[in-house]
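The structure appears right after this line, and notes come after that.
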Amino acid sequence: MSDLVCNELCMTFTAPGNGAKVEALKNINFTLKQGELLSVLGPSGCGKTTLLNMVAGFLNPTSGDLMLGGNRIEGPGVERGMVFQQGALFEWLTVNKNVDFGLRMKNMPAAERKQLVDKWLDIVGLAGFGDTPTYQLSGGMQQRVALARCLVNDPDLILMDEPLGALDALTREKMQSLILELWKETGKTIIIITHSVEEALLLGQRLFVMAPRPGRIHKEYQLDFAEQGLKESLRDIKQKNDFNKVREEILTMIWDMEEEIMGGV
Amino acid sequence: MFEWMSYNRGGIAGVIILGLVITLLWSIYHGVKTARRREKEQVFGDPERTMGGWYWAVCGVATILLLWFYYSWGMARAYFPKAANELCQVAKVHESLSPIVAQLPIGSRYFKSTDLVVRNVEQLDTISAEFPAGVFSAQEESQLRGIIAQTRSLISIYSNPNSIDAATRANLSQIVGDIDALTTRIQSGHAGLTPSDVALAQAPWGVTHEEIPLLPMTPRGVLFDGIAQELTGISKEFLTLRNMPAEASRLIEKTRKDIASIKANLENTSADEDIIKARKDYLKSVERVFKRLDDGTIFPANTLDEVNTAVAIMIDEVDTAKGSLGIIDAVFMPGEGVVKTRTICIEQGSSRWLPKPSDVVSKFSLLANPNLEDGGGFKGTRLLWVKWLPIADIVGFFIPDGLVDMLPGEYGQHDSDGQFMPTFKDNLLAFAQGEVYLGSIPMLDGHIWDSLFRVIVAMFFGIMLGVPLGIYMGVSRFFKSFFDPMIELYRPVPPLAWAPLILTIFGIQDDGKIFLLFMVAFAIMVISARTGASGTQLSKIRASHSLGASNRQILRHVILPNALPEILTGIRIAIGVCWGTLVAAEMLAGTTGVGFIENVARTVSDYELIWVTILIMGLLGLMFDLLMRKLISILIPWRGKG
Ligand SMILES: Nc1ncnc2c1ncn2[C@@H]1O[C@H](COP(=O)(O)OP(=O)(O)OP(=O)(O)O)[C@@H](O)[C@H]1O
Ligand SMILES: [Mg+2]
Chain A
8 MSDLVCNELC MTFTAPGNGA KVEALKNINF TLKQGELLSV LGPSGCGKTT LLNMVAGFLN
68 PTSGDLMLGG NRIEGPGVER GMVFQQGALF EWLTVNKNVD FGLRMKNMPA AERKQLVDKW
128 LDIVGLAGFG DTPTYQLSGG MQQRVALARC LVNDPDLILM DEPLGALDAL TREKMQSLIL
188 ELWKETGKTI IIITHSVEEA LLLGQRLFVM APRPGRIHKE YQLDFAEQGL KESLRDIKQK
248 NDFNKVREEI LTMIWDMEEE IMGGV
Chain B
2 MFEWMSYNRG GIAGVIILGL VITLLWSIYH GVKTARRREK EQVFGDPERT MGGWYWAVCG
62 VATILLLWFY YSWGMARAYF PKAANELCQV AKVHESLSPI VAQLPIGSRY FKSTDLVVRN
122 VEQLDTISAE FPAGVFSAQE ESQLRGIIAQ TRSLISIYSN PNSIDAATRA NLSQIVGDID
182 ALTTRIQSGH AGLTPSDVAL AQAPWGVTHE EIPLLPMTPR GVLFDGIAQE LTGISKEFLT
242 LRNMPAEASR LIEKTRKDIA SIKANLENTS ADEDIIKARK DYLKSVERVF KRLDDGTIFP
302 ANTLDEVNTA VAIMIDEVDT AKGSLGIIDA VFMPGEGVVK TRTICIEQGS SRWLPKPSDV
362 VSKFSLLANP NLEDGGGFKG TRLLWVKWLP IADIVGFFIP DGLVDMLPGE YGQHDSDGQF
422 MPTFKDNLLA FAQGEVYLGS IPMLDGHIWD SLFRVIVAMF FGIMLGVPLG IYMGVSRFFK
482 SFFDPMIELY RPVPPLAWAP LILTIFGIQD DGKIFLLFMV AFAIMVISAR TGASGTQLSK
542 IRASHSLGAS NRQILRHVIL PNALPEILTG IRIAIGVCWG TLVAAEMLAG TTGVGFIENV
602 ARTVSDYELI WVTILIMGLL GLMFDLLMRK LISILIPWRG KG
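Taken in sequence, the protein lines are chains A and B. Be aware that the first sequence starts at 8, since it is given in the numbering used here, and climbs by one per residue. Be aware that the second sequence starts at 2, since it is given in the numbering used here, and climbs by one per residue.
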């Protein structure tokens with residue numbers, strides 16, 4: 008099975024000018040089984056994006072190992088799809104062409120491509136926008152195109168860096184349900200980074216709270232809200248007592264961290 | 002039709018100027034109105050603000066054209082067609098007065114006599130102070146010093162108020178009287194005067210090559226012309242006046258003899274070469290001062306006071322009589338106005354080097370005329386036209402003769418009757434050499450096309466080779482570091498500095514120029530493509546990697562489109578620079594092209610032609626740029642929105 012194994016992972020950036028070192032990540036250890044849904048939470052600058060970039064293969068770790076299904080991750084690959092913090096769409100292409108970019112690169116026949124693209128645009132709620140240039144879309148729509156572009160490629164491991172940050176409350180909730188459904192139906196491994204504690208709780212079968220300087224996993228939770236979310240409405244879950252309890256606990260934790268950072272300065 | 006337009010070009014220009022003024026005012030009104038309305042809707046710095054606004058473009062163009070009309074005296078010619086002719090008559094008066102004025106402190110500070118006295122006394126002082134030691138014998142030295150003293154006393158004699166003789170005094174007052182009489186005539190005006198038929202038959206101002214008609218065509222002009230003729234007589238009389246008292250004549254006679262004797266003396270004595278030269282030089286400088294003083298043109302102080310007053314009054318009166326003419330001259334004829342020299346009146350000022358729009362238009366239509374026998378075109382080449390290009394020429398150009406040589410078979414030989422029957426291979430050769438008629442296609446032709454062709458070909462190769470190299474340089478360490486030194490070394494050298502070398506290697510015809518332009522275009526294209534390629538957002542590259550694109554696909558589908566805005570901007574800049582370089586290169590060498598026309602025009606100071614070529618270059622450059630702007634907005638609508 009293709010589990011993601013992270014062993015004593017360290018990442019140190021060296022600033023090009025003064026040579027100052029930033030320990031973005033230090034001694035990260037975890038194993039993510041196939042089909043697990045992981046959400047990552049933490050204050051700004053604690054190394055969440057860095058971790059995701061290394062899993063995607065964009066960055067090489069300074070030390071430590073990162074293995075997927077027994078193979079060392081040594082570069083980007085189609086089996087790991089990424090949704091970026093900022094869309095990273097190709098602004099010279101239409102929505103259709105953006106979404107089927109990966110398929111075109113694989114030389115998939117046009118008819119099949121069209122079918123897949125239409126299906127995914129429908130899922131993310133952009134049916135009918137196929138021929139619109141992406142620069143004419145709103146921020147939230149662009150983010151949804153990015154989501155469709157990643158998912159249409161059918162990756163095993165889906166990496167999402169604040170995918171829903173730019174969406175309005177309603178669309179956001181719909182997308183959250185969508186991600187849960189996807190996860191259930193396809194059984195894919197998903198790592199999702201978010202700044203919203205609620206979202207992290209709802210979309211996390213597992214949840215890492217990370218701490219900065221050096222970037223590390225501060226606390227890990229095993230939650231069952233994601234499972235519940237498949238059956239109940241997300242809004243109902245948010246009303247539950249145990250949900251609120253964990254939320255308060257994590258918020259306090261992050262508050263303390265932030266205070267520490269501020270005091271440290 | 003054409004002739005009628007040419008003859009009435011002044012009037013036509015008048016209508017156009019009026020139209021331009023109205024257009025200018027209208028566009029300003031419209032622009033201000035629109036600006037008021039829009040100001041509220043848009044924030045400063047919004048790119049939308051710089052779009053459109055064609056009325057300001059109209060305003061700008063109208064301003065330029067009006068300035069052109071103004072500085073080329075086009076307005077004066079359109080609205081005051083007689084002014085130049087009248088001013089020509091005034092210029093005649095001033096020209097006739099000029100010999101007398103030269104003696105007077107009019108337009109200068111001192112009487113000429115005073116100037117002469119001061120200058121010559123100064124020189125005499127210098128000469129006696131710098132008397133060379135050990136060159137002359139004691140006797141010669143006293144002789145020379147005597148000559149200097151005599152010259153000095155000559156000045157004193159001239160300057161003595163009592164020295165001037167009665168006849169000269171009488172003549173001077175006669176001249177004063179004549180001038181006063183003429184002044185009175187000017188004051189009494191030009192009523193009753195009529196221009197002659199010959200004068201009226203002259204072509205109006207600016208129609209013929211002579212520009213300003215010489216004979217007076219208006220009553221006021223007739224008055225000035227008459228005055229000028231009389232003044233010429235008076236001036237002649239004045240020039241014969243001399244202040245030469247008997248004492249001065251005697252002194253001059255004596256000094257002449259002294260100089261002659263010392264000269265003869267020097268001839269006879271032999272000495273060192275250096276000494277002889279020093280003697281001769283000194284004697285010459287003494288003689289030079291004397292000769293300046295032996296003609297009696299120095300008058301004692303105050304002698305010419307009355308003449309001065311009379312002339313000053315006359316000039317005042319001429320100015321008064323000019324009336325509105327003076328204002329037209331000052332306002333509408335920037336520069337020195339109309340001046341008479343010898344037998345013609347000419348325009349002095351900006352209008353000399355800035356031809357009138359009408360002249361430029363007529364020059365252009367002459368140049369644009371495709372009929373070479375009819376005097377059209379320039380140096381046997383049309384400006385821009387269509388010609389029929391035999392297809393065989395093109396085929397012959399592309400198929401090398403050597404290819405036929407390599408085919409099997411033999412070339413034919415003459416047979417026993419002395420006949421030559423071409424073999425199959427001979428026919429092929431004729432084909433490869435472009436000697437078979439294959440029909441013709443229409444093709445542009447002419448100076449403008451020659452210039453355009455060079456730019457287009459150079460741009461084509463520059464883009465085809467520069468863009469791929471630039472993109473590779475933007476993504477590959479090897480390409481960047483390997484080619485960077487070469488390109489950065491040759492690029493900063495101004496293209497024209499390369500020109501002598503390139504033209505020697507590749508020839509002064511198309512090849513050399515195209516290569517020169519290619520160098521320009523290539524460097525610009527490489528740099529812009531490189532900047533565009535290396536500026537691709539990292540997240541886009543990463544995204545395409547994890548979407549499974551190969552390196553080649555990323556180059557083609559991500560980096561190239563991402564660099565497209567920079568590439569197109571590069572093309573836009575390259576076309577502009579190429580165009581500028583080309584014209585300069587054509588001026589250096591060659592026999593066709595717009596720059597060549599200007600080069601010829603320059604050597605013959607044909608200002609109209611120079612301006613025509615400048616306008617052609619400017620308009621074509623503008624056209625290129627507008628085309629590129631349009632292309633950019635069509636091809637990359639996402640620019641600045643990613
Ligand atoms: N390319 C880089 N060079 C140097 N330092 C970097 C680089 N990328 C990230 N860092 C540093 O590493 C640390 C972690 O950055 P990272 O982008 O992973 O934070 P993050 O948790 O994603 O923050 P946010 O929630 O704001 O997105 C930060 O302190 C950042 O300054
Ligand atoms: Mg981040």
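For every residue, glycine included, the Cβ atom is placed at its ideal position computed from N, Cα and C. Predicted model only: the values in this text are computed from it and were never measured.
Item checked: Where B/L252 sits in the DSSP three-state scheme -> In the displayed model, B/L252 falls within a helix according to three-state DSSP.
Item checked: Minimum Cβ-Cβ distance from B/A524 to chain A less than 8 angstroms -> The C-beta of B/A524 comes no closer than 8 angstroms to any C-beta of chain A.
Item checked: Identity of the residue in A/I197, A/F250, A/W190 and A/S240 nearest A/V204 by Cα -> Among A/I197, A/F250, A/W190 and A/S240, the Cα nearest to that of A/V204 belongs to A/F250.
Next item on the list: Anything in the segment 525-549 of chain B with a Cβ closer than 8 angstroms to a Cβ of chain A? List those residues in chain order, please.
Entry: Contact annotation: in the segment 525-549 of chain B, residues whose CB is within less than 8 angstroms of a CB in chain A are Q538, S540, K541, R543, A544, S545, H546, S547, L548 and G549.
Next item on the list: In the DSSP assignment, find the unbroken alpha helix (DSSP H) run with A/H225 in it and report its ends.
Entry: That residue, A/H225, is in no alpha helix (DSSP H); its beta strand (DSSP E) goes R223 to Q229.
Next item on the list: With a 10 Å radius around its C-beta and 16 neighbouring C-beta atoms as the bar for buried, classify B/M624 as buried or exposed.
Entry: Counting every other CB atom within 10 Å of its CB across the protein chains shown gives B/M624 a total below 16, marking it as exposed.
Checklist line | Own chain, CB closer than 6 angstroms to B/P391, minus 5 neighbours either side, in chain order | finding: Shown here for B/P391: same chain residues with a beta carbon closer than 6 angstroms to its own, the five before and five after excluded, namely S441 in chain order.
Checklist line | Cα-Cα separation, B/A84 to B/A36 | finding: Between the alpha carbons of B/A84 and B/A36 lies a distance of about 42 angstroms.
Check: If you measure from the CB of A/K245, is any heavy atom of ligand 2 nearer than 7 angstroms?
Finding: Answer for A/K245: no, Cβ out of range of ligand 2.
Check: Rounded to a whole number of angstroms, what is the C-alpha to C-alpha distance between B/D607 and B/L66?
Finding: If I take the Cα positions, the gap works out to 21 angstroms.
Next item on the list: To the nearest angstrom, report how far apart B/N600 and B/D626 are at their CA atoms.
Entry: The alpha-carbon atoms of B/N600 and B/D626 are separated by roughly 25 angstroms.
Next item on the list: Starting from A/K113, find everything on chain B with Cβ-Cβ shorter than 7 angstroms and list it in chain order.
Entry: Within chain B, the residues placing a beta-carbon under 7 angstroms from that of A/K113 are G549, ordered along the chain.
Notebook entry, point to check: Using a C-beta cutoff of 8 angstroms, does A/G137 count as contacting chain C?
Noted result: No chain C is present in this structure, whose protein chains are A and B.
Margin query: Please determine whether the Cβ atom of A/S51 lies at a distance below 7 angstroms from any heavy atom of ligand 1.
Written below: Proximity of the beta carbon of A/S51 to ligand 1 is indicated: a heavy atom of the ligand is located closer than 7 angstroms.
Check: A/L48 and A/M217: beta carbons closer than 8 angstroms?
Finding: Contact flag set, yes.
Next item on the list: Please compile the residues from chain A whose C-beta is within a distance smaller than 7 angstroms of the C-beta of B/V559.
Entry: Under the 7 angstroms cutoff, chain A gives F97.
Next item on the list: Look at A/T101 and A/D129 and say whether their C-beta atoms are less than 8 angstroms apart.
Entry: For A/T101 and A/D129, no; Cβs fall outside 8 angstroms.
Margin query: Here's the rule I'm using: 16 or more other beta-carbon atoms within 10 Å means buried, otherwise exposed. How should B/D667 be labelled?
Written below: Absent from the structure is residue 667 of chain B, since the part of chain B shown begins at 2 and ends at 643.
Next item on the list: Say whether the segment 394-408 of chain B touches the segment 428-436 of chain B, bearing in mind that this needs 3 or more beta-carbon pairs closer than 8 angstroms, one atom from each stretch.
Entry: Result yes; three or more Cβ-Cβ pairs closer than 8 angstroms.
Check: Who are the neighbours of A/P140 on chain B, taking C-beta pairs under 8 angstroms?
Finding: Against chain B, a Cβ distance below 8 angstroms from A/P140 picks out P638 and W639.
Next item on the list: Could you work out which residues of chain A lie near B/Q434, taking near to mean beta carbons separated by less than 9 angstroms?
Entry: By Cβ distance, chain A contributes nothing, its closest Cβ being about 47 angstroms from B/Q434, past 9 angstroms.
Notebook entry, point to check: Of the choices B/W639, B/K426, B/I400 and B/Y283, whose alpha-carbon is the least far from that of B/P409?
Noted result: Minimum Cα distance to B/P409 is reached at B/K426.
Margin query: Cβ closer than 8 angstroms: which chain A residues qualify as neighbours of B/Q554?
Written below: What B/Q554 touches in chain A: M112.
Next item on the list: Out of B/N370, B/E318, B/T64 and B/L404, state which residue places its alpha-carbon closest to the alpha-carbon of B/D181.
Entry: For the residues B/N370, B/E318, B/T64 and B/L404, the minimum Cα distance to B/D181 belongs to B/E318.
Next item on the list: Compute every distance between the C-beta of A/F20 and the non-hydrogen atoms of ligand 1, then say whether any falls below 7 angstroms.
Entry: Checking the Cβ of A/F20 against ligand 1 gives yes.
Check: Can you give, in chain order, each stretch of the beta strand (DSSP E) that sits fully within the segment 54-117 of chain A and has at least 3 residues?
Finding: Segments of the beta strand (DSSP E) lying fully in the segment 54-117 of chain A: 70-75 and 87-90.
Notebook entry, point to check: Going by the C-beta, is A/G172 closer than 7 angstroms to any heavy atom of ligand 1?
Noted result: Not one heavy atom of ligand 1 sits closer than 7 angstroms to the Cβ of A/G172.
Margin query: Can you tell me which residues fall inside 7 angstroms of ligand 2, judged by beta-carbon distance to its nearest heavy atom, and keep chain order?
Written below: Per the Cβ criterion, the list is A/K55, A/T56, A/Q92, A/D168, A/E169 and A/I200.
Checklist line | Whole-angstrom distance between B/M460 and B/W69, CA atom to CA atom | finding: C-alpha separation (whole angstroms): 34 angstroms.
Next item on the list: Any chance you could list the alpha helix (DSSP H) runs of at least 4 consecutive residues sitting entirely within the segment 554-623 of chain B, in chain order?
Entry: Runs of the alpha helix (DSSP H) inside the segment 554-623 of chain B: 561-589 and 595-604.
Notebook entry, point to check: Given that A/M89 touches chain B, what residues does it touch there, using C-beta distances under 8 angstroms?
Noted result: By Cβ distance, chain B contributes R543, A544 and S547.
Notebook entry, point to check: Beta-carbon separation of A/L276 and A/G88 under 8 angstroms?
Noted result: Residue numbering for chain A in the displayed model covers 8 to 272; residue 276 of chain A lies beyond these limits and cannot be assessed.
Margin query: Taking only three categories from DSSP, how would you classify B/W386?
Written below: Here B/W386 sits in strand by DSSP.
Check: If you draw a straight line from the alpha carbon of B/D306 to that of B/A265, how long is it in whole angstroms?
Finding: Near 44 angstroms, if we compare the C-alpha coordinates of B/A265 and B/D306.
Notebook entry, point to check: Straight-line CA distance for B/R353 to B/G75?
Noted result: C-alpha separation (whole angstroms): 12 angstroms.
Checklist line | Distance, B/D295 Cα to B/K380 Cα | finding: Rounded to whole angstroms, B/K380 to B/D295 spans 57 angstroms at the Cα level.
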